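Trainee: 224 is the number that the UniProt record's numbering gives to position 224 of the sequence shown; each next residue is one higher, with no gaps.
Cβ coordinates follow ideal geometry from the N, Cα and C atoms, glycine included.
Being a predicted model, the structure only gives us computed values, none of them experimental.
Here it is, the structure in full.
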Amino acid sequence: MGLRFFIWAGLQPNYRHTSYMYSNACKLFGINRNPRIVSDVVQAYKDEGCMVGVKAFKVLLSLCREAKLANEALSLLRMMKEFNCRLDTVSYNVVIRLFCKKGDMDEAARLLGEMGLVDLHPDMITYVMMAKGFCDVGRLKDACGLLKVMKGHGCSPNSVLYSALLDGICRFGSPERALEFLGEMEKEGGDCGPNVVTYTSVIQSFCEKGRSLEALSVLDQMEARGCAPNRVTISTLIKGLCLEERVEEAYKLVDKVIEAGSVSSGECYSSLVLSLLRVRKLEEAEKLFRKMLGSGVKPNGLASSTLIRRLCLDGRMLDGFHLYNGIEKLGCLSYIDTDIYSILLAGLCQEKHSAEAAKLARIMLERRIQLKAPYVDNIVKHLKIWSYLCN
Numbered sequence: 001m002g003l004r005f006f007i008w009a010g011l012q013p014n015y016r017h018t019s020y021m022y023s024n025a026c027k028l029f030g031i032n033r034n035p036r037i038v039s040d041v042v043q044a045y046k047d048e049g050c051m052v053g054v055k056a057f058k059v060l061l062s063l064c065r066e067a068k069l070a071n072e073a074l075s076l077l078r079m080m081k082e083f084n085c086r087l088d089t090v091s092y093n094v095v096i097r098l099f100c101k102k103g104d105m106d107e108a109a110r111l112l113g114e115m116g117l118v119d120l121h122p123d124m125i126t127y128v129m130m131a132k133g134f135c136d137v138g139r140l141k142d143a144c145g146l147l148k149v150m151k152g153h154g155c156s157p158n159s160v161l162y163s164a165l166l167d168g169i170c171r172f173g174s175p176e177r178a179l180e181f182l183g184e185m186e187k188e189g190g191d192c193g194p195n196v197v198t199y200t201s202v203i204q205s206f207c208e209k210g211r212s213l214e215a216l217s218v219l220d221q222m223e224a225r226g227c228a229p230n231r232v233t234i235s236t237l238i239k240g241l242c243l244e245e246r247v248e249e250a251y252k253l254v255d256k257v258i259e260a261g262s263v264s265s266g267e268c269y270s271s272l273v274l275s276l277l278r279v280r281k282l283e284e285a286e287k288l289f290r291k292m293l294g295s296g297v298k299p300n301g302l303a304s305s306t307l308i309r310r311l312c313l314d315g316r317m318l319d320g321f322h323l324y325n326g327i328e329k330l331g332c333l334s335y336i337d338t339d340i341y342s343i344l345l346a347g348l349c350q351e352k353h354s355a356e357a358a359k360l361a362r363i364m365l366e367r368r369i370q371l372k373a374p375y376v377d378n379i380v381k382h383l384k385i386w387s388y389l390c391n
């Protein structure tokens, strides 16, 4: 009765179930544990001689989508014919999406072909889902073949589809093929032209293969077409260069980007600090970080937290505290991970730096930062020792 009421409610005018309602309905009716309940309710309607309309089927299909039930959704699609409900592209898209998510691309492709037999035309949503699905299972040839199919049906590809295909090529293909496909996008132009996300995907593909210098040439190509890099683009390149021990080139890149103004100096230098730490160049990372603080360049929270944590792990609690003070003067404390306070306070207590520990504790009280559980006992133990020695 509960499921029937849910279906009835979804049929009311001026009302539409939200995704939140579908999620709660799946839990309430135990659809994941008993998926047959979906087809059983339709069969019950049939046995009682009740008509089931398209809208009711769409409510049930949406429940299947929420519960990720591909086979049950397909059964509903077949039942729609029994009730003389007109099939539409939206209903097919729900079922195709579920099989794509499941990785069953043979069934998804069969449904795509079936649409033409029932006088339906796939739309852009259909093709993008299919492209992502083929790419996710590494079937790049089938994914790229969709371009020819959709053009034959009079459906022009857009940037979303091209980006999905390029993402798949970057993940499962070669950087050369990704660069070739990028060139095809540039030739198409207009809505199909590459953007900062697509260029960054190709750059990442080269960097992951240890070919960061070639990735730099993609950056040049990108800028030549008037597309400015973003923080992710630059951090990807900096990481790639540092992993290949091309630190000097990384510095040159940072200087170039800061001069162009496409990414802030704080983000560029923070990315470089993180990459230097990643390749175990702590001294150089610390030197650069202190230079940033001295020049008034604000580091981001990740760089600040990672460097202080690394200093603490090396037993350099005072150095970590002094860096913290420098960050405080620039007004960047809100960016630091809260667990850093506990790590730093525990270390200062252990090394008997009472003045620094007291200052940090006061700041934590003012900012209402709670001690993390693993450090409480250690800090309390050292406070008791101090109290005993003072008395």
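Could you give the DSSP three-state label for Glu176: helix, strand or coil?
Mentor: Three-state DSSP puts Glu176 in a helix.
Trainee: Taking Ala109 as the reference, which of Leu120, Tyr127, Asp119 has the closest Cα?
Mentor: Ala109 has its Cα closest to that of Tyr127, out of Leu120, Tyr127, Asp119.
Trainee: Can you list, in chain order, the residues of its chain whose CB lies under 6 angstroms from that of Arg177, leaving out five sequence neighbours each side?
Mentor: The residues are Ile169.
Trainee: Quick check on the burial criterion: 16 or more other C-beta atoms within 10 angstroms. Buried or exposed for Arg362?
Mentor: Arg362 is exposed by the Cβ-count criterion.
Trainee: Does DSSP put Arg4 in a helix, a strand or coil?
Mentor: Helix, per DSSP.
Trainee: Anyone know if the C-beta pair for Met124 and Leu161 falls short of 8 angstroms?
Mentor: A contact, by the Cβ cut-off of 8 angstroms.
Trainee: Quick one: what's got a C-beta closer than 8 angstroms to Leu277's C-beta in the same chain, skipping five residues either side?
Mentor: So the qualifying residues of the chain are Ala285, Thr306, Leu307, Arg310.
Trainee: Relative to the C-alpha of residue 460, which candidate in Ser235, Gly189, Asp191 has its C-alpha closest?
Mentor: What the structure shows of the chain is the stretch from 1 to 391, and residue 460 is not part of that stretch, so it cannot be assessed.
Trainee: Nearest by alpha-carbon distance to Met115: which of Ile96, Lys101, Ala131, Cys100 is it?
Mentor: Closest option to Met115, Cα to Cα, is Ile96.
Trainee: If you run the structure through DSSP and keep just helix, strand and coil, what is Ser295?
Mentor: If DSSP states are grouped into helix, strand and coil, Ser295 belongs with coil.
Trainee: Go ahead and pull the three-state DSSP assignment for Glu351.
Mentor: In this structure, Glu351 counts as coil in the three-state DSSP scheme.
Trainee: Pick helix, strand or coil for Glu244, following the three-state DSSP scheme.
Mentor: Three-state result, Glu244: coil.
Trainee: Should the stretch 81–88 be called in touch with the stretch 64–73, which here means at least 3 C-beta pairs below 8 angstroms?
Mentor: With a cut-off of 8 angstroms, the stretch 64–73 and the stretch 81–88 do not count as touching, because too few Cβ pairs lie within range.
Trainee: Suppose the cutoff is 8 angstroms on Cβ atoms and the five residues either side in sequence are ignored; what does the same chain contact list for Arg139 look like?
Mentor: Hits under 8 angstroms: Met105.
Trainee: Give the secondary structure of Glu284 by DSSP, where H, G and I count as helix, E and B as strand, and everything else as coil.
Mentor: Note: Glu284 maps to helix in three-state DSSP.
Trainee: To the nearest angstrom, how far is it from the Cα of Glu244 to the Cα of Leu213?
Mentor: In a straight line, the C-alpha of Glu244 is about 10 angstroms away from that of Leu213.
Trainee: If you run the structure through DSSP and keep just helix, strand and coil, what is Ser62?
Mentor: Correct three-state label for Ser62: helix.
Trainee: Can you list, in chain order, the residues of its chain whose CB lies under 8 angstroms from that of Leu360, leaving out five sequence neighbours each side?
Mentor: Only Phe321, Tyr324, Tyr341, Leu344, Leu345, Leu348 meet the Cβ criterion.
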